[in-house]
Structure formats: structure tokens, C-alpha cells
Ligand code: GLN
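Numbering (this note's numbering), first residue to last: 155 to 335.
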């Protein structure tokens with residue numbers, strides 16, 4: 155199994171490291187959407203990521219691949235990228251920088267559906283303010299949806315790659331495996 159990681163800007167190296175730890179081959183995507191069984195869109199700055207993605211001609215190929223069923227994990231800015239105002243592949247609307255200045259960055263631990271208590275690191279994070287009927291909310295913090303799945307798409311408002319808990323990545327890899335069955 156090989157997983158592509160969008161490496162235009164942001165926290166892609168940490169995802170790479172975590173997948174290596176899990177024994178999974180990775181490929182960094184900068185100019186072409188490489189042939190892979192899954193794609194990770196990391197945290198960073200969604201405005202910049204969006205601009206570079208368009209400049210590099212990656213916007214349409216990535217959008218098409220996801221619509222055709224490529225499993226994708228979007229974390230933080232990656233969640234924003236999948237929403238209706240960006241790649242428009244997932245039936246969600248993200249609220250950017252949703253926790254105010256003081257609460258811009260924080261760690262917590264919450265229940266994640268099917269996994270249990272998971273450590274969550276938020277950095278100027280979004281939450282999901284609207285979700286369509288096909289979207290399953292997987293975790294909430296203070297009542298706000300911070301993780302969700304819709305078919306081949308899994309998103310977290312927090313950064314699972316910044317903790318040493320590998321269970322979210324393992325969940326994503328299980329989606330990839332099931333997709334290819
Ligand atoms: N605040 C960033 C944005 O709006 C997301 C932050 C992150 O990915 N850590 O794109």
C-alpha cells in the first residue's frame with residue numbers, strides 16, 4: 155500500500171513520519187497526483203494551500219480522484235480543503251479559526267466513535283458547522299463536530315499526526331484497505 159501526502163505546505167512531514175512508523179510507504183505530492191491507494195491533505199494554511207494547489211494544476215485532478223472514490227484523510231486545513239467552499243467534495247461547511255484568539259491552540263482528549271478516548275491537538279483549528287445527511291460525525295469537543303466521515307473521506311479538525319497515538323491513521327488505512335477489497 156502506498157499513500158500520497160499533499161506536500162505543498164504545512165504539516166506533511168509529520169504524517170509521513172507517522173505512516174513510516176506504521177510501515178506504510180508514502181509519496182509526497184507536489185506537482186502531480188501520484189498513483190497511490192490513498193491521499194492525506196495535511197494541516198497548514200488553507201488559503202495558501204488552495205492557491206498553490208490551483209497554481210500547480212492539482213485542484214481538478216485531486217477533486218476528480220476523490221469524487222471517483224480515492225480515500226482521503228484531511229486534517230485541520232485539510233478538513234477545510236474538502237468542504238463545500240474549497241474542493242467541494244464533502245457535504246460539510248467548515249468554520250475557520252473557530253476557537254478565537256486565546257483558545258487558538260489547545261490539547262484535549264475526547265471520545266472518537268469506534269476508537270475511544272483520543273488525544274487531540276488543535277492549532278487555530280476549524281470545526282464543522284454544517285454537515286449533510288451522508289456525513290457521520292465521529293467526535294465532538296464542547297458540542298462542536300471535530301471529526302467526520304462521508305464514504306471515502308475522513309476529516310479531523312485536530313492534528314492526529316502531532317501526537318504519538320496512531321489510531322486515527324490506522325482507521326484511515328482500514329478505509330483504504332476496505333476500498334481496495
Ligand atoms: N487556521 C488554518 C486555516 O484556516 C488551519 C490551521 C491548521 O491547519 N493547523 O487554514
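C-beta atoms are modelled at their ideal positions from N, C-alpha and C, and glycine is treated no differently.
Please work out which residues of its chain come closer than 6 Å, Cβ to Cβ, to residue i, disregarding the five sequence neighbours upstream and downstream, and give them in chain order.
{"i": "residue 267", "result": "292"}
{"i": "residue 278", "result": "251, 258"}
{"i": "residue 254", "result": "none"}
Apart from the five residues just before and just after residue i, which ones in its own chain have a Cβ nearer than 7 Å to its Cβ?
{"i": "residue 198", "result": "163, 164, 165, 231"}
{"i": "residue 329", "result": "225, 306, 308"}
{"i": "residue 323", "result": "172, 173, 176, 314"}
{"i": "residue 317", "result": "273, 275"}
{"i": "residue 190", "result": "156, 157, 158, 181"}
{"i": "residue 262", "result": "274, 295"}
{"i": "residue 297", "result": "none"}
{"i": "residue 202", "result": "163"}
Bridge partners of residue i, per DSSP?
{"i": "residue 265", "result": "271"}
{"i": "residue 249", "result": "281"}
{"i": "residue 260", "result": "276"}
{"i": "residue 183", "result": "160"}
{"i": "residue 293", "result": "301"}
{"i": "residue 308", "result": "227, 303"}
{"i": "residue 193", "result": "158, 226"}
In terms of alpha-carbon separation, which member of the options lies closest to residue i?
{"i": "residue 173", "options": "227, 284, 303, 294", "result": "227"}
{"i": "residue 304", "options": "211, 221, 206", "result": "221"}
{"i": "residue 315", "options": "179, 327, 204, 274", "result": "274"}
{"i": "residue 223", "options": "192, 201, 297, 202", "result": "192"}
{"i": "residue 214", "options": "235, 241, 270, 203", "result": "241"}
{"i": "residue 235", "options": "319, 200, 282", "result": "200"}
{"i": "residue 319", "options": "271, 333, 282, 332", "result": "271"}
{"i": "residue 229", "options": "194, 331, 297, 333", "result": "194"}
Going by the CB atoms, is the gap between residue j and residue i shorter than 8 Å?
{"i": "residue 187", "j": "residue 216", "result": "yes"}
{"i": "residue 233", "j": "residue 196", "result": "no"}
{"i": "residue 252", "j": "residue 280", "result": "yes"}
{"i": "residue 168", "j": "residue 180", "result": "no"}
{"i": "residue 299", "j": "residue 290", "result": "no"}
{"i": "residue 248", "j": "residue 237", "result": "yes"}
Assuming residue i and residue j are in contact, meaning their beta carbons sit under 8 Å apart, how far apart are those beta carbons, in whole angstroms?
{"i": "residue 284", "j": "residue 246", "result": "6 Å"}
{"i": "residue 295", "j": "residue 264", "result": "5 Å"}
{"i": "residue 176", "j": "residue 327", "result": "7 Å"}
{"i": "residue 102", "j": "residue 311", "result": "Past the boundaries of the shown model lies residue 102; the chain is included only from 155 to 335, so the question cannot be answered."}
{"i": "residue 155", "j": "residue 178", "result": "6 Å"}
{"i": "residue 205", "j": "residue 269", "result": "Contact doesn't hold; Cβ gap of about 34 Å is too wide."}
Beta carbon of residue i: closer than 7 Å to some heavy atom of the ligand MN?
{"i": "residue 280", "result": "This structure lacks the ligand MN; the ligands present are the ligand GLN."}
Spatial neighbours of residue i within its chain, please: C-beta separation below 8 Å, excluding the five flanking residues on both sides.
{"i": "residue 210", "result": "162, 184, 185"}
{"i": "residue 331", "result": "155"}
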